[in-house]
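Peer 1: Quick note on this note's numbering: the sequence shown kicks off at -19 and runs consecutively. The C-beta atom is built at its ideal place from N, Cα and C for all residues, glycine as well. Model, not experiment: these values are computed from the prediction. Sharing a structure below in structure tokens format, with a few things to ask.
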Amino acid sequence: MALSVFAAAHAADGADSGRQLFVKGATPACAICHTLADAGSTGAVGPSLDELKPDVQRVAKAVKAGLGAMPPYPQLSDEQVLALSRYVARASGGGQ
């Protein structure tokens, strides 16, 4: 039981840090360009993530390497990329 409570708390922390990175932690912030209802963002430059519904791997690849007009984010650690990718995938309905 204690392990499941710890796992749930850890998952919530990851979602919170992923959301923070999306909204303002990454530079430039993802929310400037992308629409994602869960984050309250209405960016009009990049694709709407609510419509695209990317999975974790797709988000991580775009964040690490860039995609089209989107720049790469080399300043983010692997842990930050994973937290951000999991958040976007979950919040958009793209899965874990």
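1) Taking the DSSP output, what are the residues bridged to S21?
2) Should S72 be labelled buried (16 or more other beta-carbon atoms within 10 Å of its own) or exposed?
3) For a test of the three-state rule: what should DSSP assign to L47, helix, strand or coil?
4) To the nearest angstrom, how far is the alpha carbon of V3 from that of R70?
5) Just how far apart, CA to CA, sit E59 and G5?
6) Alpha helix (DSSP H) containing Y67: first to last residue?
7) Cβ-heavy atom distance between M50 and the ligand ADP below 7 Å?
Peer 2: The short version:
1) L16, per the DSSP bridge assignment.
2) Counting C-beta atoms within 10 angstroms of its own C-beta, S72 has 16 or more neighbours from the protein chains shown and is therefore classed as buried.
3) In the three-state scheme derived from DSSP, where H, G and I count as helix and E and B as strand, L47 is classed as strand.
4) Whole-angstrom Cα-Cα distance: 15 Å.
5) Between the alpha carbons of E59 and G5 lies a distance of about 13 Å.
6) D58 to S72
7) Among the components of this structure there are no ligands whatsoever, and the ligand ADP is therefore not found.
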